[in-house]
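Report on the structure given below.
Protein chains: 2
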Amino acid sequence: MAKELKDLTKRSENYSQWYNDLVIKADLAEQSAVRGCMVIKPYGYAIWEKIQRQLDDMFKETGHVNAYFPLLIPKSFLSREAEHVEGFAKECAVVTHHRLKNSPDGKGVIVDPEAKLEEELIIRPTSETIIWNTYRNWINSYRDLPILVNQWANVMRWEMRTRLFLRTAEFLWQEGHTAHATRQEAEEEAVRMLGVYAEFAEKHMAVPVITGVKSANERFAGALDTYTIEAMMQDGKALQSGTSHFLGQNFAKAFDVQFVNKENKMEYVWATSWGVSTRLMGALIMTHSDDNGLVLPPVLAPIQVVIVPIYKNDEQLNLINEKVAGMVAKFKKMGISVKYDNTDNKRPGFKFADYELKGVPVRLVMGARDLENNTMEVMRRDTLTKETVSCEGIEEYVQNLLDEIQENIYQKALSARNTRIRSVETYDEFKEEIEKGGFIMAHWDGTPETEEKIKEETKATIRCIPFDTFVEGDKTPGTCMVTGKPSECRVVFARAY
Amino acid sequence: MAKELKDLTKRSENYSQWYNDLVIKADLAEQSAVRGCMVIKPYGYAIWEKIQRQLDDMFKETGHVNAYFPLLIPKSFLSREAEHVEGFAKECAVVTHHRLKNSPDGKGVIVDPEAKLEEELIIRPTSETIIWNTYRNWINSYRDLPILVNQWANVMRWEMRTRLFLRTAEFLWQEGHTAHATRQEAEEEAVRMLGVYAEFAEKHMAVPVITGVKSANERFAGALDTYTIEAMMQDGKALQSGTSHFLGQNFAKAFDVQFVNKENKMEYVWATSWGVSTRLMGALIMTHSDDNGLVLPPVLAPIQVVIVPIYKNDEQLNLINEKVAGMVAKFKKMGISVKYDNTDNKRPGFKFADYELKGVPVRLVMGARDLENNTMEVMRRDTLTKETVSCEGIEEYVQNLLDEIQENIYQKALSARNTRIRSVETYDEFKEEIEKGGFIMAHWDGTPETEEKIKEETKATIRCIPFDTFVEGDKTPGTCMVTGKPSECRVVFARAY
Chain A
2 MAKELKDLTK RSENYSQWYN DLVIKADLAE QSAVRGCMVI KPYGYAIWEK IQRQLDDMFK
62 ETGHVNAYFP LLIPKSFLSR EAEHVEGFAK ECAVVTHHRL KNSPDGKGVI VDPEAKLEEE
122 LIIRPTSETI IWNTYRNWIN SYRDLPILVN QWANVMRWEM RTRLFLRTAE FLWQEGHTAH
182 ATRQEAEEEA VRMLGVYAEF AEKHMAVPVI TGVKSANERF AGALDTYTIE AMMQDGKALQ
242 SGTSHFLGQN FAKAFDVQFV NKENKMEYVW ATSWGVSTRL MGALIMTHSD DNGLVLPPVL
302 APIQVVIVPI YKNDEQLNLI NEKVAGMVAK FKKMGISVKY DNTDNKRPGF KFADYELKGV
362 PVRLVMGARD LENNTMEVMR RDTLTKETVS CEGIEEYVQN LLDEIQENIY QKALSARNTR
422 IRSVETYDEF KEEIEKGGFI MAHWDGTPET EEKIKEETKA TIRCIPFDTF VEGDKTPGTC
482 MVTGKPSECR VVFARAY
Chain B
2 MAKELKDLTK RSENYSQWYN DLVIKADLAE QSAVRGCMVI KPYGYAIWEK IQRQLDDMFK
62 ETGHVNAYFP LLIPKSFLSR EAEHVEGFAK ECAVVTHHRL KNSPDGKGVI VDPEAKLEEE
122 LIIRPTSETI IWNTYRNWIN SYRDLPILVN QWANVMRWEM RTRLFLRTAE FLWQEGHTAH
182 ATRQEAEEEA VRMLGVYAEF AEKHMAVPVI TGVKSANERF AGALDTYTIE AMMQDGKALQ
242 SGTSHFLGQN FAKAFDVQFV NKENKMEYVW ATSWGVSTRL MGALIMTHSD DNGLVLPPVL
302 APIQVVIVPI YKNDEQLNLI NEKVAGMVAK FKKMGISVKY DNTDNKRPGF KFADYELKGV
362 PVRLVMGARD LENNTMEVMR RDTLTKETVS CEGIEEYVQN LLDEIQENIY QKALSARNTR
422 IRSVETYDEF KEEIEKGGFI MAHWDGTPET EEKIKEETKA TIRCIPFDTF VEGDKTPGTC
482 MVTGKPSECR VVFARAY
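Protein chains in written order, with this note's numbering: chain A, 2 to 498; chain B, 2 to 498.
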């Protein structure tokens with residue numbers, strides 16, 4: 002189980018390998034025996050649980066409730082919404098039988114051909130279809146609206162190339178599915194939930210994001226508008242971290258969900274859906290971590306403070322144990338998750354490296370000299386700097402330090418992100434700049450054809466048409482860098498995960 | 002959306018129909034478009050979330066951590082453990098393809114025959130196989146043990162006859178999977194977790210349970226011992242509510258999971274697994290509820306207190322609103338979930354019936370006279386009794402009342418359960434008593450054959466060999482009521498869900 006830190010590839014050598022190494026060595030996740038499906042290990046899952054809990058609280062504060070819909074979707078449901086089927090029906094896991102039987106040759110089990118399903122079932126790639134089929138029975142009148150439901154679930158998309166957390170066949174996510182009486186209310190909901198995602202990314206994950214609307218090419222299959230939060234990784238690639246869709250009446254029409262409005266007329270229901278997934282783990286890891294391992298925002302760190310004793314004999318250890326016990330109790334009372342690691346089968350140096358690798362935000366060390374002086378050595382993971390602090394009031398000191406680290410890693414990520422936002426005027430300039438990575442703000446004529454051409458020639462996509470301005474003139478009209486046609490404003494290009 | 006209470010079948014008329022009606026009318030769950038799979042509606046899911054949260058806290062207090070393993074299991078894994086495959090491989094959802102394509106006739110999509118999987122994948126009916134295949138890489142030495150992991154997940158068993166919550170094709174559950182260096186430690190873990198389940202059932206759900214060990218016939222497929230908690234429903238049928246399995250080294254051998262023990266020798270790892278599911282919702286509903294609807298233990302009630310105003314005009318309503326606002330704030334501060342329902346589109350009588358149906362433990366009503374007298378009418382759902390209480394200190398009064406209700410419904414269920422436990426001496430007596438329902442304590446010779454005969458002739462199964470004694474002489478040896486052969490102690494028989 003010993004993890005050799007020296008095996009962690011440096012970011013500058015191979016960013017992609019560094020990421021893979023880190024996910025494995027920090028015990029976050031690993032590949033399973035099933036192609037493209039991951040095992041989320043306890044340490045990785047503990048981070049995901051914090052993400053879940055905090056997001057769930059935010060959903061509830063904005064009036065949403067949770068529910069649960071079936072894992073399997075009848076094949077025919079997917080074809081109801083014309084665009085949706087194009088986007089999702091193709092690469093998915095298909096259940097065709099419901100029984101195995103003993104193999105006639107006595108070796109294992111085989112599929113029982115007599116247990117073939119009349120209609121095949123699909124493992125949900127997303128749940129709009131099954132949910133809107135259910136909503137038909139829930140909605141009769143405007144009094145039944147809005148429905149503000151969220152679901153925490155696993156979904157499956159048969160991806161050809163998978164990477165832990167970033168793109169896996171099965172992943173965990175939440176999907177909100179809301180139903181509204183008016184177009185305006187649904188549009189507001191879609192934008193509101195994007196705001197929740199942006200706030201969560203920035204305040205909880207310490208990941209700055211660009212918020213905006215997708216171009217038609219990048220829209221969710223079946224949506225009228227897709228809103229997105231886009232984060233910037235250290236290698237200059239963008240990571241779409243959450244999306245919120247205004248679905249119009251498309252799914253209501255596909256599943257015949259009508260209601261009697263206040264004017265006593267039948268009308269189709271307006272819809273949104275929005276989701277974030279275990280992909281957020283990838284954003285978290287790639288935004289903050291360094292060549293020593295994970296750097297975690299304190300708000301999401303499973304262990305916020307680790308305490309390590311250094312001692313020559315049992316007598317010293319006992320004295321340190323005694324001193325630390327009160328400290329641990331006080332941290333817990335303050336709601337700070339703390340681990341006192343006085344296991345004797347690992348040397349302190351090994352422990353230090355391991356907790357750095359795991360991204361524990363604050364490390365406290367007490368040795369013989371500290372015991373004498375009533376001090377501890379405090380190391381903060383984000384800067385790796387150490388200082389010696391009196392034990393008197395150290396709990397409050399650490400609490401403030403955790404806040405400071407949370408803010409510092411956000412500011413650091415923000416500044417790194419901002420230096421990676423540049424404007425270009427010409428397509429040549431664009432081609433040159435896109436090679437260097439980052440978000441490139443450029444004029445585009447608004448057509449799918451031009452977007453497609455740019456993608457083919459440069460591998461860059463329009464991440465979004467941003468809500469906010471990032472560089473001077475973002476919102477000023479201009480001319481498309483490719484075609485010279487009029488452009489309403491600059492849009493955000495990047496190569497993306 | 003108006004729910005007609007009069008449509009709720011009476012328990013005495015048709016218990017089974019009463020249950021189905023209640024699940025639907027209380028907005029807990031409903032059938033989905035996919036055979037045997039349910040939709041858990043927001044109100045039902047809110048109860049499940051409380052169950053989850055509270056159980057999860059108990060798992061963590063006993064040293065467990067959460068993780069996540071794949072939904073899909075390679076078909077061949079199931080055959081590795083000989084008994085396991087017999088128990089689980091037969092009725093399950095089989096994924097055979099990974100792509101759909103447009104139908105040549107232009108109507109919808111069909112399975113793409115070219116996307117056939119080399120090896121079929123099974124949607125997990127339980128995860129021992131995929132988890133022990135994973136543990137092989139996690140365990141080298143006794144230092145890596147114990148592994149105390151739990152997973153919250155959906156599982157699927159292709160049941161022919163389904164009932165909401167009690168038996169569904171897909172259900173939600175948690176499955177603990179632990180790995181240990183010694184037989185003793187694993188056995189202790191299996192018993193410890195059964196104790197956690199029993200405590201949860203009795204303290205949180207207010208459902209008294211009999212704890213014990215299963216006979217060989219009723220054992221989990223692949224276990225050496227299965228421990229169980231058995232609850233008694235109001236119709237005299239037992240409901241197995243949670244099980245904990247001592248798996249010996251069966252799965253370690255099937256997946257070759259060995260470790261170097263303290264004596265530096267290779268040894269197979271010892272295992273347990275344990276689970277409870279959304280079936281607990283069925284136990285909760287059927288133990289406490291009555292002909293007016295749900296009765297929920299306050300600890301698990303999504304809304305613990307509902308406040309309803311009765312007013313003749315806006316002026317009165319405004320005065321009540323004002324008075325209630327402070328109360329609501331105080332309840333929230335005390336951690337009591339409260340809903341103030343001053344919506345004006347439903348009459349108070351409708352609201353009363355609806356909150357009774359939903360099992361809200363305490364209802365507070367304020368009318369014009371109360372406003373004058375500074376009082377409220379307090380109704381408790383368990384007894385349906387009302388009294389008038391001063392607003393002064395009403396929050397503390399309600400807090401105590403919630404505790405009292407929690408205790409009262411447990412005592413009521415306990416006494417109902419206890420009157421349903423009887424001893425019998427002869428098989429004739431047994432056949433007569435089993436018709437009346439309840440737990441029947443009887444002597445049995447310990448053979449699967451006798452157990453099978455009893456099951457065939459009476460539809461009763463051995464629920465468990467109990468840990469505790471329930472009637473005098475339970476633990477005294479005797480002779481089997483069927484064969485006259487020696488019996489070590491009385492065992493618990495019942496007809497069961």
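No residue lacks a Cβ here, since even glycine has one placed at the ideal position from N, Cα and C.
* To do: Below 8 Å between beta carbons is the criterion; list the residues of the region 152–186 of chain A that meet it against any residue of chain B, in chain order.
  => Contacts with chain B (Cβ-Cβ distance below 8 Å) from the region 152–186 of chain A involve Ala-154, Asn-155, Met-157, Trp-159, Glu-171, Leu-173, listed in chain order.
* Asked: When DSSP labels each residue in this structure, what does B/Gln-305 get in the three-state scheme?
  -> Note: B/Gln-305 maps to coil in three-state DSSP.
* Limits of the unbroken beta strand (DSSP E) element including A/Phe-260 -> Element bounds for A/Phe-260: 259–261.
* To do: Can you say whether A/Ala-83 is buried or exposed, counting buried as having 16 or more other CB atoms within 10 angstroms of its CB?
  => So A/Ala-83 counts as exposed.
* Take A/Lys-254 as the anchor and find which of A/Cys-93, A/Trp-133, A/Glu-408 has the nearest alpha-carbon. => Closest option to A/Lys-254, judged by alpha-carbon separation, among A/Cys-93, A/Trp-133, A/Glu-408: A/Trp-133.
* Asked: If you count every other CB in all the chains shown that lies within 10 Å of the CB of B/Arg-348, and 16 or more means buried, which is it?
  -> The residue in question, B/Arg-348, is exposed, as its Cβ has fewer than 16 Cβ neighbours within 10 Å.
* Residue of A/Lys-432, A/Gln-305, A/Gly-64 minimising C-alpha distance to A/Met-335 -> With respect to the C-alpha of A/Met-335, the residue from A/Lys-432, A/Gln-305, A/Gly-64 having the closest C-alpha is A/Gln-305.
* Asked: At what residue ranges does the region 32–99 of chain A contain a whole run of the beta strand (DSSP E), taking only runs of 3 or more?
  -> Those beta strand (DSSP E) runs which fall completely within the region 32–99 of chain A and span 3+ residues are 39–41, 73–75, 95–98.
* Mind checking which residues open and close the beta strand (DSSP E) that includes B/Lys-238? => Unbroken run through B/Lys-238: none, as it is neither H nor E.
* In its own chain, which residues sit with a C-beta less than 6 Å from the C-beta of A/Asn-218, not counting the 5 before and 5 after it? -> Cβ neighbours of A/Asn-218 beyond the five flanking positions: Pro-449, Glu-452.
* Which residues of chain B have a Cβ atom closer than 8 Å to the Cβ of A/Ala-47, listed in chain order? -> The contacting residues are Val-66, Asn-67.
* Flag this pair as yes or no: are the beta carbons of A/Val-68 and B/Tyr-46 separated by less than 7 Å? => Rather than Val, the amino acid found at residue 68 of chain A in this sequence is Ala. Cβ distance < 7 Å, so A/Ala-68 and B/Tyr-46 count as in contact.
* Asked: Between B/Tyr-498, B/Lys-432, B/Thr-470, which lies nearest to B/Ile-455 when the distance is taken from Cα to Cα?
  -> The option with the nearest alpha carbon to B/Ile-455 is B/Lys-432.
* To do: Report yes if the C-beta distance between A/Trp-271 and A/Ser-245 is below 7 Å; otherwise report no.
  => Between A/Trp-271 and A/Ser-245, the gap from beta carbon to beta carbon reaches 7 Å or more.
* Test: A/Thr-97 CB closer than 7 Å to a CB of chain B -> A/Thr-97 has a beta carbon lying within less than 7 Å of a beta carbon in chain B.
* Measure from the alpha carbon of A/Glu-426 to the alpha carbon of each residue in A/Ser-416, A/Gln-412, A/Ile-140, A/Ala-443, then state which is nearest. => The residue from A/Ser-416, A/Gln-412, A/Ile-140, A/Ala-443 with its alpha-carbon nearest to that of A/Glu-426 is A/Ala-443.
* **Cα-Cα separation, B/Thr-163 to B/Asn-141** => If you draw a straight line from the Cα of B/Thr-163 to the Cα of B/Asn-141, it is about 43 Å long.
* **Proximity of A/Thr-227 and A/Lys-238 at Cβ, strictly below 7 Å** => No. Outside cutoff.
* Asked: Name the DSSP beta bridge partners of B/His-444, please?
  -> B/Arg-491, per the DSSP bridge assignment.
* **Residue from B/Leu-403, B/Asn-374, B/Gln-250 whose Cα sits closest to the Cα of B/Ser-391** => It is B/Asn-374 whose Cα lies nearest to the Cα of B/Ser-391.
* Asked: Residues in its own chain within less than 7 Å of A/Arg-421 by CB, not counting five upstream and five downstream?
  -> Around A/Arg-421: Met-233, Gly-237, Gly-438, Gly-439, Phe-440.
* Less than 7 Å separating the beta-carbons of A/Gly-223 and A/Leu-149? -> With contacts defined by Cβ atoms closer than 7 Å, A/Gly-223 and A/Leu-149 do not form a contacting pair.
* To do: Find the residues of chain A that neighbour B/Glu-121, judging by a C-beta separation of less than 7 Å, and give them in chain order.
  => Listed along chain A, the residues sitting closer than 7 Å to B/Glu-121 by beta-carbon distance are Val-112.
* Return the chain-ordered list of same chain residues with a C-beta closer than 6 Å to the C-beta of A/Phe-256, the five sequence neighbours on each side being excluded. => Trp-133, Asn-134, Arg-137, listed in sequence order.
* To do: Give a yes or no on whether the minimum CB-CB distance between A/Asn-134 and chain C is below 7 Å.
  => No chain C appears in this structure, whose protein chains are A and B.
* **Spatial neighbours of B/Tyr-1 in its chain, beta-carbon cut-off 6 Å, leaving aside the 5 residues before and after** => Within the shown structure, residues of chain B are numbered from 2 to 498, placing residue 1 of chain B beyond reach of any answer.
* Cα separation between B/Met-282 and B/Asn-346? -> B/Met-282 and B/Asn-346: Cα-Cα distance of roughly 31 Å.
* Hey, out of A/Trp-159, A/Glu-393, A/Thr-127, A/Leu-101, whose CA is closest to A/Glu-115's CA? -> For A/Glu-115, the nearest C-alpha among the options comes from A/Leu-101.
* Asked: Going by beta carbon distance, what residues of the same chain come within less than 6 Å of B/Ser-80, once the five residues before and after it are set aside?
  -> Excluding its 5 nearest sequence neighbours in each direction, B/Ser-80 has C-beta neighbours in its own chain below 6 Å: Val-86, listed in chain order.
* Asked: Taking the C-alpha atoms as reference points, what is the distance between B/Thr-212 and B/Leu-195?
  -> About 8 Å.
* Opening and closing residue of the alpha helix (DSSP H) in which A/Tyr-411 lies -> Counting along the chain, the alpha helix (DSSP H) containing A/Tyr-411 begins and ends at 395–420.
* Verify the CB distance criterion: does B/Ser-338 have a CB-CB separation below 7 Å to chain A? => B/Ser-338 does not count as touching chain A.
* **Residue span of the beta strand (DSSP E) that contains B/Lys-340, given as start and end** => Going by DSSP, B/Lys-340 is part of the beta strand (DSSP E) stretching over 339–341.
* Buried versus exposed, by CB contacts within 10 Å (16 or more), A/Asn-155 -> A/Asn-155 should be labelled buried.
* Among B/Glu-457, B/Gly-37, B/Ile-52, which has the Cα closest to the Cα of B/Pro-303? -> Here the closest residue by C-alpha is B/Ile-52.
* Over the uninterrupted beta strand (DSSP E) stretch that includes A/His-205, give me the two end residues. => A/His-205 -> no beta strand (DSSP E), and no H or E assigned at all.
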